[in-house]
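Just below is one structure, and these are the notes that go with it.
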Amino acid sequence: MQTKKIINDGNRAVDEMLEGILAAHPRHLKSVDGSPRSIIARDGPRQGKVGLVIGGGSGHEPSFLGFVGKGLADAAAIGNVFASPPPDPILECAKAVSGGAGVLFMYGNYAGDVMNFDMAAEMAAMDDIEVRTVLSTDDVASAPRDQRQKRRGVAGNFFIFKAAGAACDRMLSFDECERIAGKANDHTFTMGVALSPCSLPQTRRPNFEIGPDEMEIGMGIHGEPGIAREKLKTADEITDEMLDRILGEMAPTRGDKVAVLVNSLGSTPLMELYIMNRRVKQRLDDIGVSIHASWVGNYCTSLEMAGASITLHQLDGELQTMLDHPCDCAMFRAG
Amino acid sequence: MTTIDTARLVAMFARIATAMSADRDRLCALDGVIGDADHGIAMELGFSAARDAVAALDVGATDPTTLLNTAAKSFLNAVGASSGPLYATALMRGAAAVKGKTTLDDADVVALFQAMAKGIQDRGKAEPGEKTMIDAWAPAAQAAGEALASGKDLAGSLEAAAQAAKAGAEATKAMVATKGRASRLGERSLGHMDPGAASAVTVIEALRAALTD
Chain A
5 MQTKKIINDG
15 NRAVDEMLEG
25 ILAAHPRHLK
35 SVDGSPRSII
45 ARDGPRQGKV
55 GLVIGGGSGH
65 EPSFLGFVGK
75 GLADAAAIGN
85 VFASPPPDPI
95 LECAKAVSGG
105 AGVLFMYGNY
115 AGDVMNFDMA
125 AEMAAMDDIE
135 VRTVLSTDDV
145 ASAPRDQRQK
155 RRGVAGNFFI
165 FKAAGAACDR
175 MLSFDECERI
185 AGKANDHTFT
195 MGVALSPCSL
205 PQTRRPNFEI
215 GPDEMEIGMG
225 IHGEPGIARE
235 KLKTADEITD
245 EMLDRILGEM
255 APTRGDKVAV
265 LVNSLGSTPL
275 MELYIMNRRV
285 KQRLDDIGVS
295 IHASWVGNYC
305 TSLEMAGASI
315 TLHQLDGELQ
325 TMLDHPCDCA
335 MFRAG
Chain B
296 MTTIDTARLV
306 AMFARIATAM
316 SADRDRLCAL
326 DGVIGDADHG
336 IAMELGFSAA
346 RDAVAALDVG
356 ATDPTTLLNT
366 AAKSFLNAVG
376 ASSGPLYATA
386 LMRGAAAVKG
396 KTTLDDADVV
406 ALFQAMAKGI
416 QDRGKAEPGE
426 KTMIDAWAPA
436 AQAAGEALAS
446 GKDLAGSLEA
456 AAQAAKAGAE
466 ATKAMVATKG
476 RASRLGERSL
486 GHMDPGAASA
496 VTVIEALRAA
506 LTD
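Just so you know, the protein sequences line up as chains A and B, in that order.
Sequential numbering from 5 applies to the first sequence in our numbering.
Sequential numbering from 296 applies to the second sequence in our numbering.
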């Protein structure tokens, strides 16, 4: 049985989406001439500023290009659905945003992204653009704690890119931008849960099987299996299960401050996300951790997958300054 | 002794592309078990792009190296993902291995084939046993070399490669993934064939058929 989608042609879905996005956000975004999969901020790149290029596969909207704009990322390279972009569009982004102070590549830690972005970085070096890379590895479920560098980067990208974008926008040095990006990653922890599968536009078949009364804890944002298949529980029980793992790693102490992201994987509605957010607040109140800011909604989706992720971003003075730094993107505004 | 010219390589890409289209849904289903279910799409897209790019070349004025580099670039730009860099590197290394030749004899084709496998291994930094496409490509390259050294012709050498690839892919069922998207699964990846190894079998079998049938 085929899944239902509002598309014309599975193979054209990404390009037609990009046409629609550029039509919707002409004040914020444009594509690089001759490279339609390289999207840059109209008001971002400037001389002397470290350029920030993010990117990855399509199907996670508003990630990644929704976070392109003044104060956040200068460009996003767009891949096929769930697939890293090839080196060319990444290189075009790097060239377009290079202000002579270096270019930072930031993306989630997936083998395909690493290979393609590394190839683009080598090509940029031949054009005398210095590129450094900071991978996001916030998905607690995807590897043990002592192998943090192997973890996937998921919805926590939101905070990690935000911190790096602020550092770049404040005209900090390349070293400082890189340091702050890495620090933001170290302070960000995400767990996801999936209730139903997504399906790719080209196949329109569910990309994994899950029973009507089951959930998968630790599911990846492309439908990669998680760490446990369980009977569907209540919102509070699910939230607790996810928070236990996040807090176990973050190990906050009374008086700590965090920012919270409760993210839909695509088809889980705001009602359910706010129910989860209510529980997050209760749990953090119980342990004396205060919430500096919260975001609830679609930030890093997986097509029409049902489910959600919770991210906590542990703040110190510096990360709070970066989080509060204003930004103006096509699909996100702050400050 | 077989002689492979540029036109035969154009036909080879057409054959691989056709095989990938036929295999797309099986590969997506295999990938869905342990990964993100798009491997068949990427492989179909990549080899279709390579087929179209090499079909547009003037075969009379194109040597095998130029053809393989054209295929590499078009595959990479159409796909990205993991398979883009891996197969693009394979094809570029293959191109380098036959540089200066206008036609390929048996030993040239086996050298090209072995360079492809080495390219995939270098780019992916994978070792045999890690449940990746290298578990099909590495034994296939070794088998082709051994068969040729023992006096087999191209058909016999590529037949040995195809058999070894098949056995290698089958063996991935008993492996725990440590690379790529499946690596976070640990023990849960046991019992399932690696989709990259499965598609490697399809590529190698189509390559064999196109060059020796």
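All C-beta atoms in this analysis are idealised placements derived from N, C-alpha and C, irrespective of residue type, glycine included.
Ser200(A): contacting residues in chain B (beta-carbon distance under 7 Å):
Near Ser200(A) there are no residues of chain B at all, since even the closest Cβ is about 14 Å away, more than 7 Å.
Beta-carbon separation (whole angstroms), Ser42(A) vs Ala79(A), contact threshold 8 Å
6 Å
Beta carbons nearer than 9 Å to chain B: which residues of the region 198 to 222 of chain A have them?
Pro201, Cys202, Ser203, Leu204, Gln206, Thr207, Arg209, Pro210, Asn211, Phe212, Glu213 and Gly222
What residues in its chain sit with their C-beta under 6 Å from that of Leu256(B), if we drop five residues either side in the sequence?
Here chain B comprises residues numbered 296 to 508, so residue 256(B) is not present and cannot be evaluated.
May I ask you to list, following chain order, the residues of the region 303 to 330 of chain B that have a beta carbon less than 9 Å from some beta carbon of chain A?
Arg319, Asp320, Cys323, Ala324, Asp326, Gly327, Val328, Ile329 and Gly330
What does a CB cutoff of less than 6 Å around Asp318(B) pick up in its chain, not counting 5 residues either side in sequence?
Thr497
Under a Cβ-count criterion, where at least 16 other Cβ atoms within 10 Å of its own Cβ denotes burial, should Ile291(A) be classed as buried or exposed?
exposed
I need the straight-line Cα distance from Ala167(A) to Ser140(A), nearest angstrom please.
12 Å
Distance between Val404(B) and Ile10(A) (C-alpha atoms, nearest Å):
46 Å
Inter-residue Cα distance where the pair is Tyr111(A) and Asp248(A)
26 Å
Looking only at its chain, what residues have a beta carbon closer than 7 Å to the beta carbon of Cys181(A), apart from the 5 residues adjacent to it on each side?
Val54, Leu108, Ala168, Ala171 and Cys172
Measuring CB to CB, does Leu322(B) end up less than 7 Å from Pro90(A)?
no
Whole angstroms are fine: how far does the CA of Leu22(A) sit from the CA of Lys468(B)?
39 Å
Looking only at C-alpha atoms, which of Met280(A), Thr207(A) and Asp328(A) sits nearest to Gly196(A)?
Met280(A)
Counting beta carbon pairs with one atom in the region 331 to 348 of chain B and one in the region 366 to 382 of chain B, are three or more of them shorter than 8 Å?
yes
Cβ of Leu316(A) within 7 Å of Cβ of Ile225(A)?
no
Which chain A residues are close to Leu485(B), counting only those with a beta carbon under 8 Å from its beta carbon?
Those within 8 Å of Leu485(B) in chain A number zero; the least Cβ separation is about 12 Å.
Within 7 Å of any Cβ in chain D, is that where the Cβ of Ile336(B) sits?
The structure shown contains no chain D; its protein chains are A and B.
Can a CB atom of chain B be found closer than 7 Å to the CB of Ala159(A)?
no
DSSP puts Gly60(A) in a beta bridge; with which residues?
Ile82(A)
Let me know if Arg340(A) comes out buried or exposed under the rule of 16 or more other beta-carbons within 10 Å of its beta-carbon.
The displayed coordinates of chain A run from 5 to 339. Any statement about residue 340(A) would go beyond what the structure contains.
By the 8 Å beta-carbon criterion, what residues does the region 108 to 137 of chain A contribute toward chain B?
Tyr114, Ala115, Gly116, Met119, Asn120 and Met123
Taking Cβ positions only, does Asp333(B) come closer than 7 Å to chain A?
yes
With 8 Å as the limit, tell me which residues of the region 76 to 98 of chain A have their beta carbon closer than that to any beta carbon of chain B; keep them in chain order.
Gly83, Asn84, Val85, Phe86, Ala87, Ser88, Pro89, Pro90, Pro91 and Asp92
I need the boundaries of the beta strand (DSSP E) containing Ser298(A), first residue and last residue.
Ser294 to Gly301
Determine whether the Cβ of Glu228(A) lies closer than 7 Å to any Cβ atom of chain B.
yes
Compute the Euclidean distance between the alpha carbons of Gly157(A) and Glu65(A), then round it to the nearest angstrom.
15 Å
Buried versus exposed call for Lys74(A) [16 or more other C-beta atoms within 10 Å across all chains shown]
buried
Between Ser343(B) and chain A, is there a C-beta pair that is closer than 7 Å?
no
Contact under 7 Å by Cβ, Glu220(A) with Arg208(A)
no
Among the residues of its own chain, which have a CB less than 8 Å from the CB of Ala344(B), if the five just before and after it don't count?
Ser369, Phe370, Asn372, Ala373 and Val374
My output table needs one value for Glu23(A): the three-state DSSP class, helix, strand or coil.
helix
In terms of alpha-carbon separation, which member of Asn302(A), Lys261(A) and His296(A) lies closest to Tyr278(A)?
Asn302(A)
Mind listing which residues of the region 368 to 384 of chain B have their C-beta closer than 7 Å to chain A's C-betas, in chain order?
Leu371, Asn372, Val374, Gly375, Ala376, Ser377, Gly379 and Pro380
Going by beta carbon distance, what residues of the same chain come within less than 8 Å of Met470(B), once the five residues before and after it are set aside?
Gly424, Glu425, Lys426, Asp430, Ser484, Leu485 and Asp489
How about Ile94(A) and Phe121(A): are their beta carbons less than 7 Å apart?
yes
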